[in-house]
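Asker: Numbering (the working numbering), first residue to last: 1 to 306. Pasting in a structure now, in structure tokens, and then I'll have a few things to ask.
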Amino acid sequence: MLHIRTPLILHPTLSTPQRRIWLKLENLQPGGSFKLRGMGLLCSQAAAQGKLKVVCPSGGNAGLATAVAAARLGLQACIVVPHTTPEATRARIRRAGAEVIVHGKVWDEANQRARELAGAADTEYVPAFDHPVLWRGHSSMVDEILQDCPQVDTVVTSVGGGGLLAGILTGLLRHGRRDCRIVTCETQGAASFAAAVEAGHPVRLSRIDTVATSLGAAQVAAWPVAHIGEFAHQCLVLSDDDAILGVVRYASDLRQLVEPACGVSLAAAYLDHPALAGAHDVVIIVCGGVSISAQLVAGWARTTDQ
């Protein structure tokens, strides 16, 4: 097992006797996000099958998790990122031991190149979010949540490509917890999951326009769209400003940095959103993210204080 068991803690200021806000601190994973759970499992299986190299298309978080997993398993790693991935993030991936190839303006173009590079028999293609092995790996966080907070009635999660959500649904279904409400969170410029739920099937967004770049999958995985209906659920689409508010408030309250892709879920609690009405034990997945810096958060903090 390459991932760690992360803490589940009460939010220090938002929790009340009527509603407890729990934080599942996936930002503390090696690599800085929940992604190591699924990438670690998939890379471990690849190594067991005799593969020597893994190739992953990524905006940042999946790539770093794959690089960390590959280094621990003795595999070569090649991460293909689009030009939108910040240089600081590329450097983090390189420091983890992976080769970084920059290709395409958006993730979909990086993905196409990664598939081409993964054609050799000794090479495993590691998708960023759409694979049942990833979902099974991510679902291990649900086992931990239910051990620490069996009374949970609401789970709040960000949705990019749908891998994290699929993991949460997989875990809850395995434990027979269809009684748990799911609140999905996206920003207005990347709301591909909300669009898919409304349409009843995945749809492709014509463009991505959000500060929460890790949510920038133009089309989500089909499986979570098909299975979200087994749970009471609500799809929240908040603004970039809301996501930034979540990042800034969380940094102040917990002294930790997370991406806007994570901040949008935290914003649901900070805004006391009606989607949480009636909930007693809310678990927010603090999914983390590596494309963040103290300088960015400080700049946003100055803006939000004005």
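Heads up, the beta-carbon is just placed ideally off N, CA and C, and yes, glycines get one too.
My output table needs one value for G160: the three-state DSSP class, helix, strand or coil.
Answerer: Here residue 160 is taken as the residue at index 160 of the sequence shown, counted from 1. It is coil, neither helix nor strand.
Asker: Can you tell which of L205, P150, R90 and V155 has its C-alpha closest to the C-alpha of V286?
Answerer: To locate residue 286, count along the sequence shown from 1; it is residue 286. Taking only the C-alpha atoms, the option nearest V286 is V155.
Asker: Identify the residues that DSSP records as bridge partners of P57: which are they?
Answerer: To locate residue 57, count along the sequence shown from 1; it is residue 57. Answer is V80, bridged to P57.
Asker: Whole angstroms are fine: how far does the CA of S252 sit from the CA of T304?
Answerer: Start at 1 with the first residue of the sequence shown, and residue 304 comes out as number 304. Start at 1 with the first residue of the sequence shown, and residue 252 comes out as number 252. Computed Cα separation, rounded: 12 Å.
Asker: Quick check on the DSSP output: the beta strand (DSSP E) that includes C185 runs from which residue to which?
Answerer: Taking the first residue of the sequence shown as position 1, residue 185 is located at position 185. Note, C185: beta strand (DSSP E), R181 to T187.
Asker: Would DSSP call L235 helix, strand or coil?
Answerer: Here residue 235 refers to the residue found at position 235 of the sequence shown. Position check: residue 235 holds Cys in this sequence, whereas Leu was assumed. Correct three-state label for C235: strand.
Asker: Which same chain residues, not among the five before or five after A65, have their C-beta less than 6 Å away from its C-beta?
Answerer: Translated into the one-based positions of the sequence shown, residue 65 becomes position 65. Excluding residues within five positions, the ones whose Cβ falls inside 6 Å are G31, K35, L36 and M39.
Asker: Does DSSP classify V106 as helix, strand or coil?
Answerer: To locate residue 106, count along the sequence shown from 1; it is residue 106. The answer is coil: DSSP assigns V106 none of H, G, I, E or B.
Asker: May I ask you to report which of helix, strand or coil DSSP gives I292?
Answerer: Sequence index remark: in the sequence shown, residue 292 carries index 292 (1-based). If DSSP states are grouped into helix, strand and coil, I292 belongs with coil.
Asker: Does the region 137–146 touch the region 183–196, meaning 3 or more C-beta pairs lie closer than 8 Å?
Answerer: No, they do not touch.
Asker: Just how far apart, CA to CA, sit L134 and S44?
Answerer: Working through the sequence shown from its first residue, we reach residue 134 at position 134. Working through the sequence shown from its first residue, we reach residue 44 at position 44. About 11 Å.
Asker: State the start and end residues of the unbroken beta strand (DSSP E) segment that holds L14.
Answerer: In the sequence shown, the residue the question calls residue 14 occupies position 14. That residue, L14, is in no beta strand (DSSP E); it is neither H nor E in DSSP.
Asker: Pick out whichever of L73, Q151, V54 and T89 has its Cα sitting closest to the Cα of R115.
Answerer: Walking along the sequence shown from the start, residue 115 turns up at place 115. Ranking L73, Q151, V54 and T89 by Cα distance to R115 puts V54 first.
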